[in-house]
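Counted from 1, the sequence shown has number 91 at position 91 by the working numbering; the numbering is strictly sequential. The next block holds one structure in the form of structure tokens; read it before the comments.
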Amino acid sequence: MGKSIVIFFSHAGDNYAVGNIKVGNTKIVADYITEITGADQFEIVTHKYDGMAYAPLCDLAKEEQQQGELPPFEGEPENLDQYDTVFIGGPVWWGTYPQVMFTFFSKYDLNGKTIIPFTTHEGSGLGRCVSDVKKAYPEAKVKGEFSIYGHEVRSGREKVEKWLKSIVK
Ligand SMILES: Cc1cc2nc3c(=O)[nH]c(=O)nc-3n(C[C@H](O)[C@H](O)[C@H](O)COP(=O)(O)O)c2cc1C
């Protein structure tokens, strides 16, 4: 795999199926990947959705997607040139990754790298995430994708381990 990094967004707080959670579902998966593979990590952080209840967040996320908004995030990853493999993960929001992840895609060029997309979701699986990553990075090798139900992640470490074993050579 070469040197790798896990880049992800995850929303803690009120959510579907899991109630009000302190640590987001995708963060739990990102942490499993980091622990198991020794990859570095960059979390895409925004405080735009802090404290929002599930229903208004759904409305806002839909609006952002329809308008193609690119909400800003905090911080910057360090020297992405050093990585061969990039795990990209997030929740599925209205069928694909949250718009703030597209902000990241528009700022950082990952063409030429291996990209491994993953999602947590409540029924959509990978949704349009893989094709959207391919659109953002047409010259990347996008493969090995994985999805898991958000309500399964807390007891889902073994599933993540099994997936990683199947793709990490
Ligand atoms: C705004 C919003 C939109 C969502 N849209 C979908 C969807 O289209 N398909 C789906 O399967 N799950 C959807 N979900 C559920 C999340 O994908 C799921 O709960 C995920 O595990 C959340 O991950 P997180 O805790 O890392 O943010 C949505 C959740 C939110 C808050």
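Virtual Cβ for every residue (Gly too), placed ideally from N, Cα, C.
Residue of the options minimising C-alpha distance to residue i
| i | options | result |
| --- | --- | --- |
| G89 | D81, E78, F104 | F104 |
| T37 | E63, V133, F87, K27 | F87 |
| K62 | G95, N25, H121, I21 | G95 |
| P91 | Q82, H151, T85 | H151 |
| E43 | K135, M101, E64 | M101 |
| K141 | K162, V133, T114, T119 | T114 |
Beta-carbon contacts of residue i that lie in its chain and below 8 Å, excluding the five residues immediately before and after
| i | result |
| --- | --- |
| Y108 | P77, L80 |
7 Å Cβ shell around residue i - same chain, five flanking residues per side excluded
| i | result |
| --- | --- |
| V45 | F73, E74, G75 |
| Q41 | I5, V6, A30, T34 |
| G24 | S10, H11, A12 |
| K48 | P71 |
Run of the alpha helix (DSSP H) containing residue i, from where it starts to where it stops
| i | result |
| --- | --- |
| F105 | 99-107 |
Residue range of the beta strand (DSSP E) that includes residue i
| i | result |
| --- | --- |
| Y149 | 146-149 |
| P56 | First-last for P56: 54-67, but that is the alpha helix (DSSP H), not the beta strand (DSSP E). |
Cβ-based neighbour list, residue i, same chain, cut-off 6 Å, excluding 5 preceding and 5 following
| i | result |
| --- | --- |
| W93 | A61 |
| G144 | I116, I167 |
(message) Between the region 121-131 and the region 154-165, can you find at least three pairs of beta-carbon atoms closer than 8 Å?
(response) Contact fails: fewer than three Cβ-Cβ distances are below 8 Å.
(request) Assess, as a yes-or-no matter, whether the region 12-32 is touched by the region 45-57 under the definition of 3 or more beta carbon pairs within less than 8 Å. (result) yes
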